[in-house]
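Single-structure report; data block below.
Residue numbers (this note's numbering): 918 to 1172.
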């Protein structure tokens, strides 16, 4: 565990150092078209994946990439870690996220988020504020963007009971585009509320897209079933792998 602690410490120092450097480099992109900024975001993601592999011995496996549809799209992903908030964007041409307003207020970083066209949401703003945010998100998707949304609304530890929110169905109905479910096990390697990073194979699995036009209830049922079934499978596999790595003990990142 001492080795994992030291590796985690080194990784976090390098991770945030790279972020700061790239934010400074990205300042001129505020005056350039959006693709220039998104290229730097992809650099951040790729550099982070490299650091995870060489520093923390975390291998990344992306499955089902060939299933990603072209054009406007709703991506509904399991959310276990901060990791997927930056790692998934690299697969989409015009990625879009709904973010906390507080992030938009961070100097430089917040400016870059606004430049990227991200949508801010005011937590505690009430139903009217939330509905306004959902309608704007659906409108952006109709214009050709790919919205990455976390249906549970917040990070959940691996194995925690799922609690899907209705917002994803609202955007699906209003946008009229396919929905790509995503399962993952990132919470075992980049857990919530700790700087520790645990070794093993982090898996992201892009599942079969759901076609547009499904009734709301059917959409929610199929979405939850696909994501939860696949997530349980890859989480169980990762726990077994980590049990071997840690000498047969349960994963320290169990959450």
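We put the beta carbon where it would ideally sit given N, CA and C, even for glycine.
Residue i classed as buried or exposed, judged by whether at least 16 other C-beta atoms fall within 10 angstroms
i, result
"residue 933", "exposed"
"residue 922", "exposed"
"residue 1057", "buried"
"residue 930", "exposed"
"residue 1022", "exposed"
"residue 1099", "buried"
"residue 1159", "buried"
"residue 1060", "exposed"
"residue 1148", "buried"
"residue 1102", "buried"
"residue 1152", "buried"
"residue 967", "exposed"
"residue 1044", "exposed"
"residue 1117", "buried"
CB of residue i within 8 Å of CB of residue j, strictly
i, j, result
"residue 965", "residue 1065", "no"
"residue 1015", "residue 1063", "no"
"residue 1119", "residue 1106", "yes"
"residue 1114", "residue 975", "yes"
"residue 1033", "residue 951", "yes"
"residue 1079", "residue 1156", "no"
"residue 962", "residue 1026", "no"
Among the options, the one whose alpha carbon lies nearest that of residue i
i, options, result
"residue 1071", "1022, 1017, 1043 and 1117", "1017"
"residue 928", "991, 958, 1136 and 970", "970"
"residue 1013", "1054, 1150 and 1089", "1054"
"residue 996", "974, 952, 1061 and 1144", "1144"
"residue 1110", "948, 1092 and 1073", "1073"
"residue 955", "1025, 1030 and 1101", "1030"
"residue 1097", "1146, 1047 and 985", "985"
"residue 1049", "1078, 1008, 1079 and 1091", "1091"
"residue 989", "1142, 1128, 1164 and 1153", "1128"
"residue 1112", "962, 1000, 949 and 967", "1000"
"residue 937", "958, 924 and 953", "958"
"residue 1007", "1138, 1139, 972 and 960", "960"
Residue i Cβ short of 7 Å to the ligand SAH heavy atom set
i, result
"residue 1001", "The ligand SAH is absent from the structure shown, which contains no ligand whatsoever."
Short CB-CB distance (under 8 Å) between residue i and chain C
i, result
"residue 992", "Although the question refers to chain C, the structure presented lacks it and comprises just one protein chain."
Which ranges would you report for the alpha helix (DSSP H) in the segment 930-992 if only whole runs of at least 4 residues count?
You should have 951-973.
Are the segment 1116-1124 and the segment 977-984 in contact at 8 Å, needing three or more beta carbon pairs?
Under the Cβ criterion (8 Å, minimum of three pairs), the segment 1116-1124 counts as touching the segment 977-984.
Residue ranges of each alpha helix (DSSP H) within the segment 1016-1080, 4 or longer:
Taking only runs of at least 4 residues, the alpha helix (DSSP H) segments lying wholly in the segment 1016-1080 are 1018-1021, 1026-1032 and 1043-1059.
Taking three-plus beta-carbon pairs below 8 Å as touching, is the segment 1086-1093 in contact with the segment 937-949?
No, the segment 1086-1093 is not in contact with the segment 937-949.
If you scan the segment 1117-1141 from start to end, which runs of the beta strand (DSSP E) of 3 or more residues do you find wholly inside it?
Along the length of the segment 1117-1141, whole beta strand (DSSP E) runs at least 3 residues long occupy 1117-1123, reported in chain order.
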